[in-house]
Amino acid sequence: TFHAIRLEPYLEATARAHPEYLDRLMALSARTAATKKTLVHGDVSPKNILLGPQGPVYLDAECAWYGDPAFDAAFCLNHLLLKGAWRPDRVAAYLDCFLAYGQTYLDGADWEPADALEERVATLLPGLFLARIDGKSPVEYLTQDTQKNRVRRAATRLLQKPVSRLADIAAVWQKEVKAWQGRKSLRCEGDESGIRADGPRLKRKSSWWTARLAAPSHPPGHRVEVAKPSICATVEKRSAGLMFCGRLKA
110 TFHAIRLEPY LEATARAHPE YLDRLMALSA RTAATKKTLV HGDVSPKNIL
160 LGPQGPVYLD AECAWYGDPA FDAAFCLNHL LLKGAWRPDR VAAYLDCFLA
210 YGQTYLDGAD WEPADALEER VATLLPGLFL ARIDGKSPVE YLTQDTQKNR
260 VRRAATRLLQ KPVSRLADIA AVWQKEVKAW QGRKSLRCEG DESGIRADGP
310 RLKRKSSWWT ARLAAPSHPP GHRVEVAKPS ICATVEKRSA GLMFCGRLKA
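Per our numbering, the sequence shown runs over residues 110 to 359.
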């Protein structure tokens with residue numbers, strides 16, 4: 110059933126993982142289960158959409174049922190937000206896709222007022238956003254804690270203060286993006302003998318950093334992320350020594 114393969118693994122499992130939002134997430138699950146308006150695909154993700162000669166073709170409809178179309182819209186829009194955490198260098202393009210998809214979907218909705226549909230999509234999205242990190246079916250492309258925490262921060266902010274418009278969802282995510290892109294800069298130099306930093310002192314042993322940044326898989330200009338200490342580094346120069354700059358992350 111739709112409840113067993115969509116509502117329970119996503120919203121209800123996440124509610125158990127985040128008891129502070131249990132009431133909110135369970136209410137979203139109950140509302141979605143009770144709303145019966147159109148045929149719902151249930152798995153509208155980018156990988157299930159093909160471009161056909163007369164428009165998009167949706168694949169993999171094993172989750173289909175008669176229910177709330179807000180779930181389909183929120184499910185697909187959710188991926189466009191999550192992809193921004195995966196590829197922060199392309200977050201602006203993903204947000205453009207997010208807003209374009211949302212507006213096109215609402216423009217084509219003739220079964221109910223667009224404002225009512227948009228409100229359900231916007232209030233459901235934070236629950237699905239958090240669910241793809243802490244539910245039973247996390248997205249496979251967000252593997253680092255820093256990426257997951259970015260999603261958690263935005264999702265919980267929207268669960269605490271729900272919004273009714275997709276543009277407001279985009280604004281909250283954009284604010285989170287700017288926050289992590291604007292962390293304090295740090296410049297370091299190092300070689301086999303150690304590492305020196307202009308800024309906060311590195312807490313990890315310098316040899317660990319030297320080994321990570323000197324790896325052949327990380328040529329100059331390659332962006333690498335390291336969990337501890339919380340530094341995002343870009344290799345600038347490779348010679349007798351090692352130079353890189355990075356940003357502290359929350």
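Cβ coordinates follow ideal geometry from the N, Cα and C atoms, glycine included.
In angstroms with no decimal places, state the Cα-to-Cα distance between P162 and L189.
Working through the sequence shown from its first residue, we reach residue 162 at position 53. Working through the sequence shown from its first residue, we reach residue 189 at position 80. Taking the straight line joining both Cα atoms gives about 24 Å.
Roughly how many whole angstroms lie between the Cα atoms of R133 and A126?
Here the question's residue 133 lines up with position 24 in the sequence shown. Here the question's residue 126 lines up with position 17 in the sequence shown. Rounded to whole angstroms, R133 to A126 spans 13 Å at the Cα level.
On the criterion of 16 or more Cβ atoms from any shown chain inside 10 Å, does A183 qualify as buried, or is it exposed?
The residue labelled residue 183 in the question sits at position 74 within the sequence shown. A183 should be labelled buried.
Rounded C-beta distance between A209 and R274? I'm assuming under 8 Å.
On the sequence shown, residue 209 is found 100 positions in, with the first residue counted as 1. On the sequence shown, residue 274 is found 165 positions in, with the first residue counted as 1. With a Cβ gap of about 15 Å, A209 and R274 do not count as contacting.
Rounded C-alpha distance that separates L168 from S154
Taking the sequence shown and counting its residues from 1, the one referred to as residue 168 is at position 59. Taking the sequence shown and counting its residues from 1, the one referred to as residue 154 is at position 45. Whole-angstrom Cα-Cα distance: 10 Å.
I'd like to know if the region 237-249 and the region 199-206 are in contact, where contact means that at least 3 CB-CB pairs between them fall below 8 Å.
no
Taking its Cβ as the centre, do 16 or more other Cβ atoms sit within 10 Å of A143, making it buried, or is it exposed?
Your numbering for residue 143 matches position 34 in the sequence shown. Answer is exposed; the Cβ neighbour count stays below 16.
Using the DSSP secondary-structure output, state which residues sit across from G161 in a beta bridge.
Residue mapping note: residue 161 aligns to position 52 of the sequence shown, counting from 1. G161 is bridged to G164.
Measure the CB-CB distance between L234 and Y130 and report whether it falls below 8 Å.
Your numbering for residue 234 matches position 125 in the sequence shown. Your numbering for residue 130 matches position 21 in the sequence shown. Not closer than 8 Å, so no.
C-beta contact flag for L137 and L159 at 8 Å
As a working mapping, residue 137 is identified with position 28 in the sequence shown. As a working mapping, residue 159 is identified with position 50 in the sequence shown. No, the pair does not count as a contact, with Cβ atoms beyond the cut-off.
Mapping DSSP to helix, strand and coil, what is W289?
As a working mapping, residue 289 is identified with position 180 in the sequence shown. If DSSP states are grouped into helix, strand and coil, W289 belongs with the helices.
Alpha carbon of F238 to alpha carbon of R262, nearest angstrom
By 1-based counting over the sequence shown, the position of residue 238 is 129. By 1-based counting over the sequence shown, the position of residue 262 is 153. Their Cα atoms are separated by approximately 10 Å.
By the 10 Å Cβ neighbour count, where 16 or more other Cβ atoms means buried, how is P128 classified, buried or exposed?
To locate residue 128, count along the sequence shown from 1; it is residue 19. So P128 ends up on the exposed side.
K369 and P197: beta carbons closer than 8 Å?
Since the first residue shown for the chain is 110 and the last is 359, residue 369 is missing from the structure and cannot be characterised.
Between the alpha carbons of D243 and A113, how many angstroms are there, rounded?
In the sequence shown, the residue the question calls residue 243 occupies position 134. In the sequence shown, the residue the question calls residue 113 occupies position 4. Approximately 17 Å between the Cα atoms of the pair.
Determine the direct distance from the alpha carbon of A194 to that of K284, and round the result to whole angstroms.
Within the sequence shown, numbered from 1, the residue matching residue 284 stands at position 175. Within the sequence shown, numbered from 1, the residue matching residue 194 stands at position 85. Roughly 13 Å between the two C-alpha positions.
Sort out for me which residues DSSP pairs T147 with in a bridge.
Mapped onto the sequence shown, residue 147 falls at position 38. G176.
Could you tell me which of A264, A170, G236 and N157 sits nearest to A139, measuring between CA atoms?
What you label residue 139 is simply residue 30 of the sequence shown in a count that begins at 1. Nearest C-alpha to A139: G236.
Spatial distance of L226 from L251 (CA atoms):
Here residue 226 is taken as the residue at index 117 of the sequence shown, counted from 1. Here residue 251 is taken as the residue at index 142 of the sequence shown, counted from 1. C-alpha separation (whole angstroms): 29 Å.
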